[in-house]
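Taking it in order: structure first as C-alpha cells, then the write-up.
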Amino acid sequence: MKKIHLLLICIFFSFIFIVLYLSLQNSKIYDTENLVGKKITESELNLFGKDGTFNTKEISNYQFTLLNFWASWCGPCRKEHKNLLRLSKNENLKIIGVNFKDNEYNARQFLQEMGNPFYILTEDSKGKKSVNFGVYGIPETILVNSELIILKKYIGPLSSKDVNEISKLIKK
Amino acid sequence: MLGELGIIFVSIALLISLALIYFSFNEVKNSSNLIPKKIYKFSLLQLIFSLLSFVALLAGYVFSDFSIINVYENSHTTKPLFYKISGTWGNHEGSLLLWINILVLFSSLFLFINKNKNKNFKIFTLLFQNLLIVIFFIFLLTNSNPFSTIYPIPNEGMGLNPILQDPALAIHPPLLYIGFVGSSIYFSAALSALVSKIDAKSLATSIKPWILVSWFFQTVGILVGSIWAYYELGWGGYWFWDPVENSSLMPWFVMTALLHSVLVLERKIGLYSWVIVLSILTFTMSVAGTFLVRSGILNSVHTFANDPSRGLFILTFLILMVFSSIFIFFKHAPTENKNYRILSKEFFILINNWFMIFFLAVVLIGTLYPIFLDTLTGTKISVGPPYYNFILAPFLIPLLFLMTSGPKHKWISSEIKKFINIVLFLSIFLFLITFFIVKENSLLLNLILFFSIYLIIQTLFDLYDGLKSRSINLSRIISHLGFGLLIFFIFINHIFSQESNFNLRVGETKETDNYVIKFENLEKFSDSNYKSIIGHFKISNKKKLFKENLKPEIRIYNKPMTVTYEASINSGFFSDTYLTMSNISDSDIFNIKFQKKPFMNFIWLSVLLVSLGGLINFFNRKNSI
C-alpha cells in the first residue's frame, strides 16, 4: 500500500516537472526572433486619418520596406524618431508607420512637432492587427524585402547602430 | 573593488557552509549530548560573512560603483538614496543574495535560539538548511553573480525600472522573502524530525514560532504588494489573480493550514505526519513560486530579464528537493492512529486544513493550467478572476461558519453546541439592515455577507467573554475578526465601487451620476530622475457640498526612459476617490478614469488585523490559539 502511494506520488510529480521542463524550453513564446526569414502575414490596415486601406501585399512594390509601430504616448518612440527621419532619406527604403493604440489628434501633433518619416501611415487603434506581425510592445520595427520576407526585427527603439545596420542591409 | 570584496565574502561564506555540513555530518555519529562550540562559532561566522557580502553589494548601490555590472544595470547616480538601497534587491541577482542571507539568518537563529534538547534534531536541521544554503550559493556564483565586474567602468548607470521606484515596493520583496524563505527553516526541521524521530510536542514547540514569524511577514508582504498594485498600476483594483500574486498566496494557504494544525500537534493529539507534509509543502510552494516568477514562463511585472538557464537551475533544485523529501518521508514516516472525535476542536482544525488545501489546489490549477495547456497542446488561454471568484466564493460560506463555531469547541471532546443564541439573532438583525441598504440580489453574496457578519459578531462576543473571564485567546480573536471584516469590506467595496471613463480638456467639466469633475489646469514639474505633468482636478458631489482636489500625474522617467501614470488618490476615512489621467503627447485632451472606492482603508486594516493576530501569538506563547 505504502509503495503504491509512493509510486503514484512520484509519477504525479514527474509529470508536473516534465511539463514544466518542456515549458521552459518553450518560453520563447514572447520572443518573435523566429519570425525572421519568414514571410510577413498578409494584413489589411486602415490608412491614418483618411479613408482607404493598405494591404501588406503592396510591400512587394518597393525594394525594401520598414514597418514601424509607434504611438505618441510612447516615450522610447520619441527617442528613435530622429533615426527614422535619417532612414527616410534612403531612396530604396519606404517606411510604413503603424500608429498603435493612439489618439489621432495626439499622433498628428507628434508628427508636426518631430517631423514625418512615413511614406505611408496606417493606424491600428485597437492594437489587434499588430499582433499578426508579432508585435507585443512598441516601438517595434520590421525590415521587409520585396518578396515580403522579414529580414530583421527590432524590438525597442532603433539606435544609431541599428540605422547603420539597416543602411548596410538595403545597399546589397 | 567592492565587487571583488563581495566575491571573497560569498566564497568564504560558502566554504563555512560546507564546513558546517561536514561537522554536522560527523557530529551525528558522536554520542555526546552537547553540540560542540565550533559549530556555533562557524554558524556565527557564516552569518557575518554572508551579511558582509550583502553589505558590499548595498555599498555598491549606495556609492554607485558602476564597475559592478549589477549596479550599472539597475542604478543611476541621480536616483534618491532610498531607491538606490532598494535597488539592491530590485533585480534577480541582488534578490538572490538577499534570499541566501535570509536562509543563513534563519539557520543561525534556529541553532542559537531553539531550546530543543535533542541534539540530533538540531544537528540534522542545520545539515538540511546548510545543504539548501550551499546549493543557492553555487547558483549565485555560477549563474547569477551580483558581483560580476565590467571594464572599462561606465560613467553612468542604466537606472531602476521606475515602476519599482515606490516606497511600498521597496519593502515588499524583503517582507515576502522573510515569509517564504523563512519557511525553509521548518522545512529543514520537518525533515530533521523524521530522521531524528523527535516527539510531537517538541517538534510543535520548535517550529511554531518560525511558522508564526514567516506567516506574519508573508501576510504583510502580500498586503504591501496589494497596496502597491492599487496605487501604482493605476487600474483601481487591489487583487488581480495574476500568476505572480498567486505564487505568493499559495505558500500562504499552506502556512495558514500549518499554523492551525501545529496546535493539534502541540497537544499530542495527532497530525504528526500531516504537519511534516505541510512544512515540506510550504517551502516547496515557495520555491515553485520562485520558479514560475523567475524562469520567464510567465510574463509579468515581476519577471526580471529572461534567462532560461536560471529556470532550469531552480527547476532542478525543485526536483531534487521534492524527490528527496518524498524519499525521506516514506523511509521514516511514523505510523500514528488517526481517530479524531467529531465536533472536537481538532476536528474543526482538520476541516480548516482541507479548506486551505482546497484553496491551494484551486489557485495552483488556475496558475498552472494555462502553462500546461500551452506546452501540451499549444493553445493559449488565460485564467482570470471569474474562475477564481466562481470557484472560491461559495466555499467562503462554510469557511466563515467554521471560523465562527470551530473555536468554541473543546479539545478531544465531542459536544454539540447550541448555536441559536443572541449572537445569531443580532447577526441576522444587522444583516437585514445591511441588506436593505445595499439591496444586493445575489443569494451567494448575501450568504457571504451574512456569515461574515456572524463571524464578526461572534468574535466580538468572544472578546467580551474573554475579557470578563480573564482567559482570553487574543490572537485567534483578532485574526478571525480581521478575516471577517476583510470579507465584509471586500463585499461592500465590490457593491459600491463606481467607475467612469471619459476624455477632458483643461477647463472642461464632466458630470457623472453623482459627481462633477472639473479639470482646472495643468502644471509641469521636474525632478532629478523624472519630469512630470500634473493635472489639477476638482471633484464635487452633487448632493452634498464637499470638494476634493486631485492631482494625477504622468511621469516621464529619464533612466531608463519610461512613462508611468501615477494615480491620484484621496483617501478618506470611508471612501477613496481615485483618478488617473493618460494619453499625453502635446495634445490637450486627456483620458480620465474616475473611481469612487468605498472602505479601501478598511480592507487594508482588516489584513493588518489578521497579521497582528499572528504577531500577538508569537509574543504571547503561553496562550493557545
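Protein chains in written order, with the working numbering: chain A, -10 to 161; chain B, 349 to 973. Virtual Cβ for every residue (Gly too), placed ideally from N, Cα, C. Here the structure is a predicted model, which means the values were calculated and not measured.
**Study point:** Whether B:F922 touches B:F942 by CB criterion (8 angstroms)
**Key:** no
Review point. Does the separation of the CB atoms of B:N877 and B:S919 fall below 8 angstroms?
Key: no
Check your understanding: Roughly how many angstroms separate the alpha carbons of B:N789 and B:L451, rounded to a whole number?
Key -> 50 angstroms
Review point. Assuming B:F885 contacts B:L898 under a Cβ cut-off of 8 angstroms, what Cβ separation, rounded to an integer in Å, is found between them?
Key: 5 angstroms
Check your understanding: Does DSSP classify B:H608 as helix, strand or coil?
Key -> Note: B:H608 maps to helix in three-state DSSP.
Review point. How should B:S398 be labelled, buried or exposed, when 16 other C-beta atoms within 10 angstroms of its C-beta is the threshold for buried?
Key: buried
Check your understanding: For B:G814 versus B:S954, is the C-beta spacing smaller than 8 angstroms?
Key -> In this structure, B:G814 sits away from B:S954, with a CB-CB distance that is not shorter than 8 angstroms.
**Study point:** Residues near B:I917 by beta carbon distance below 6 angstroms, same chain, minus five either side
**Key:** Cβ contact annotation for B:I917 (same chain, cutoff 6 angstroms, sequence separation greater than five): D924, Y926, in chain order.
Practice item. Would you mind stating whether B:I729 and B:S673 have Cβ atoms separated by less than 8 angstroms? Key: no
Exercise for review: Verify whether the separation of the beta carbon atoms of B:F837 and B:I951 is less than 8 angstroms.
Suggested key: yes
Review point. Is A:E31 near the ligand COA, judged by its Cβ being under 7 angstroms from some heavy atom?
Key: Absent from the structure shown: the ligand COA. Ligands present: none.
Check your understanding: For B:S888, which three-state DSSP category applies?
Key -> strand
Check your understanding: A:F6 CB to nearest chain B CB: under 8 angstroms?
Key -> At least one chain B Cβ lies under 8 angstroms of A:F6.
Check your understanding: Do we get a CB-CB distance below 8 angstroms when we pair B:L660 with the residues of chain A?
Key -> yes
Point to revise | As assigned by DSSP and simplified to three states, the class of A:D91 | key: coil
Check your understanding: What is the DSSP secondary structure of B:W952, counted as helix, strand or coil?
Key -> helix
Check your understanding: Does the segment 494 to 507 of chain B come close enough to the segment 409 to 429 of chain B that 3 or more CB-CB pairs lie under 8 angstroms?
Key -> yes
Practice item. Measure from the alpha carbon of B:H757 to the alpha carbon of each residue in B:A605, B:R689, B:I801, B:S817, then state which is nearest. Key: B:R689
Point to revise | Alpha carbon of A:L36 to alpha carbon of B:T723, nearest angstrom | key: 38 angstroms
Check your understanding: Which partner residues does B:N849 have in the DSSP bridge list?
Key -> B:K941
Exercise for review: Determine whether the Cβ of A:F89 lies closer than 8 angstroms to any Cβ atom of chain B.
Suggested key: no
Practice item. With DSSP as the reference, label B:D558 as helix, strand or coil. Key: Strictly speaking, residue 558 of chain B in this sequence is Trp, with Asp absent from that position. Helix at B:W558.
Practice item. Mind reading off the beta-carbon distance from B:S596 to B:L475? Whole number of angstroms is fine, and I expect it under 8 angstroms. Key: Not confirmed; about 29 angstroms, so no contact.
Review point. How long is the line joining the alpha carbons of B:F678 and B:W622, rounded to whole angstroms?
Key: 13 angstroms
Check your understanding: Using 8 angstroms as the limit for Cβ to Cβ distance, is B:P946 near chain A?
Key -> no
**Study point:** Terminal residues of the alpha helix (DSSP H) in which A:F43 lies
**Key:** Element bounds for A:F43: not the alpha helix (DSSP H) but the beta strand (DSSP E), 42 to 44.
Check your understanding: Can you tell me whether B:F460 is buried or exposed, with buried defined as 16 or more other CB within 10 angstroms of its CB?
Key -> Label assigned to B:F460: exposed.
Check your understanding: Which value, in whole angstroms, describes the spacing of the CA atoms of B:I448 and B:S365?
Key -> 12 angstroms
Review point. Residues of chain A with a CB under 8 angstroms from the CB of B:L663: which are they?
Key: F6, L9, Y10, L13
Practice item. Using a Cβ cut-off of 8 angstroms (strictly closer), state whether A:K(-9) contacts chain C. Key: Any reference to chain C falls outside this structure, whose protein chains are A and B.
Review point. So, using beta-carbon positions, are B:F844 and B:I796 closer together than 8 angstroms?
Key: no
Practice item. Give the interface partners of A:I(-2) over in chain B, defined as CB-CB distance under 8 angstroms, in chain order. Key: I674
Exercise for review: Consider the Cβ of B:I881: report whether some Cβ of chain A lies at a distance smaller than 8 angstroms.
Suggested key: no
Review point. Within 10 angstroms of its Cβ, does B:D861 collect 16 or more other Cβ (buried), or is it exposed?
Key: exposed
Review point. What are the boundary residues of the alpha helix (DSSP H) that B:N449 is part of?
Key: 440 to 461
Check your understanding: A:L(-5) touches chain B at which residues, Cβ-Cβ below 8 angstroms?
Key -> I674, F678, listed in chain order.
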